[in-house]
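What follows is a short report on a single structure.
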């Protein structure tokens, strides 16, 4: 290794003889650089690659997904989790919860003025639910597509509701409808915060 304070430029030109006159100095300098010593090249390769740019990581979102009591009772939990995993999203939170009435009313407070509000609350507290946090690029919009339309009759085959539900009052699953809603719902259901981890499959899913 070179003594401290000696840079690459000092090792680059090891020929101490006077430079050969040349009518064009711009052409002369590249000629001298072509005779760099192996030691200089080795040291140059060890320098940090500060100018090499790498693409920024894709922006990640999180969404809240809840398998409703009918989905749990019908044994659809594994199938639903598999849909999101096979898509490439990462599970960041998972819990089986028996929901209390006050908590259900808090979750659906935006619908409190709707005539079906009480029935919706009764439905959610009728049995345990599976609450989840999923993470990935555009996971909110894509998650809604995986779930399907609110009315299973309008859901395309291949979606969760299109494959597993018939009536709107038993539509199996809930998913956040916006990034802001997702933040609010995750904070409500997971006050401790999602689990911080990254799958080893990440580079095989994202460029």
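Residue numbers (the working numbering): 17 to 223. We put the beta carbon where it would ideally sit given N, CA and C, even for glycine.
Within the same chain, 86 come within 6 Å of residue 186 by CB-CB distance, once the 5 residues on both sides are set aside. Within the same chain, 124 and 127 come within 7 Å of residue 136 by CB-CB distance, once the 5 residues on both sides are set aside.
Going by beta carbons, residue 192 and residue 79 fall inside the 8 Å limit.
In chain order, 127 place their CB closer than 6 Å to the CB of residue 133, counting only its own chain and leaving out the 5 sequence neighbours on each side. The DSSP-derived three-state label of residue 100 is helix. Straight across, the Cα-Cα distance linking residue 175 with residue 184 is about 14 Å. Nearest Cα to residue 212 within the set 159, 177, 150 and 157: 150. Taken in chain order, the complete alpha helix (DSSP H) segments of 4 residues or longer contained in the segment 162-216 are 176-180 and 195-205.
Of the residues 92, 167, 143 and 105, the one whose Cα lies closest to the Cα of residue 116 is 143. Annotation: the continuous alpha helix (DSSP H) that includes residue 87 extends over 85-89. DSSP, reduced to helix, strand and coil, places residue 151 within a strand of the structure shown.
Under the three-state reduction of DSSP output, residue 137 falls in the helix class.
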